[in-house]
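Heads up, the thing below is written out as structure tokens.
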Amino acid sequence: AYSDDTKTQRADNASDTVKKELSLGDQLEGLAPDAAIAYLRYLLKKSGDDADVYFHLGVAYQEKADYDSALVNYKKALKLDPNMSKAMVNMGVVYDDKRQLANALNMFEQATKLNPTDVLAHSHAAFIWFELKNYKKAWEHLYQSLKLAPSDPQPHYYLAIFFWESGIYRESMREWRKVVELDREGSLAKEAKKNIAMIESVMSGANRAR
């Protein structure tokens, strides 16, 4: 989804009413969730309703795993800006974390229709369809992700999972290594390294059994 880690990402710019405050040293990037929430509430009190501020509040609450509060703020952001596809993507991630797959899929599909070039929306939609065993839909979205952003680690991360779940371990290994190459020391790369070690162990055991 959109965030500092694999889950969520703060917007690049705030609206005109709060741009000055939010651009001061890109302060939100270094703030803990509670500090970000306090700061963003101050901005709302100072400048009034703003879609980007509500979006950032959603991100902060999502980082605290306060999913209900995150959803409330993402919905407020969408009410003010119905075209904010990143809020839809993050809502989808929240619903996925709550295991409300139908709601998650609905948000990801809405985001891809609103913004057909949203790689994260396609990637997450692919994963939900895969979980629902609709492999045709899953591959359609994953293909779009890889086509739009071949250097984005997220689609490769999900592709590796697809291969792993299908028992195609060598292809899975290739995709995990691609994630490490693309994400460097990011959170996806760290998870990929763990999975590479696991696959190597599985393959080593299979070779010894022969």
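When you line the sequence shown up against our numbering, it's residues -14 to 195, in that order.
Note that beta-carbon positions come from the ideal geometry of N, C-alpha and C, so glycine has one too.
Reduced DSSP secondary structure (H/G/I, E/B, other) of residue i
i           : result
residue 185 : helix
residue 50  : coil
residue 7   : Residue placement at residue 7 is poorly supported in this model, since its pLDDT is 43, which falls under 50; the coordinates still yield a value, given next. Residue 7 falls in the helix class under three-state DSSP.
residue 55  : helix
residue 13  : helix
residue 18  : helix
residue 134 : coil
residue 170 : coil
residue 75  : helix
residue 158 : helix
residue 95  : helix
residue 146 : helix
residue 117 : coil
residue 101 : coil
residue 232 : With the chain covering -14 to 195 only, the question about residue 232 has no answer from this structure.
residue 152 : coil
residue 180 : helix
residue 67  : coil
residue 34  : coil
Member of the options whose CA lies at the smallest distance from the CA of residue i
i           : options              : result
residue 29  : 61, 86, 91 and 182   : 61
residue 106 : 20, 17 and 128       : 128
residue 134 : 101, 158 and 117     : 101
residue 52  : 81, 99 and 36        : 81
residue 176 : 189, 141, 94 and 151 : 141
residue 183 : 145, 64 and 168      : 145
residue 42  : 88, 185 and 58       : 58
residue 153 : 76, 185, 132 and 169 : 185
residue 126 : 36, 169 and 96       : 96
CB-CB length for residue i against residue j, believed under 8 Å
i           : j           : result
residue 55  : residue 79  : 5 Å
residue 174 : residue 187 : With a Cβ gap of about 20 Å, residue 174 and residue 187 do not count as contacting.
residue 181 : residue 162 : 7 Å
residue 108 : residue 130 : 5 Å
residue 90  : residue 110 : 7 Å
Residue i versus residue j: straight-line alpha-carbon distance, rounded
i           : j           : result
residue 103 : residue 70  : 8 Å
residue 122 : residue 115 : 8 Å
residue 117 : residue 32  : 43 Å
residue 67  : residue 147 : 33 Å
residue 139 : residue 26  : 32 Å
residue 120 : residue 38  : 37 Å
residue 47  : residue 34  : 20 Å
residue 112 : residue 143 : 7 Å
residue 15  : residue 21  : 9 Å
residue 23  : residue 17  : 10 Å
residue 158 : residue 179 : 11 Å
residue 98  : residue 171 : 29 Å
residue 189 : residue 13  : 45 Å
residue 94  : residue 19  : 31 Å
residue 124 : residue 64  : 32 Å
residue 167 : residue 160 : 10 Å
residue 40  : residue 84  : 22 Å
residue 36  : residue 72  : 10 Å
residue 45  : residue 169 : 25 Å
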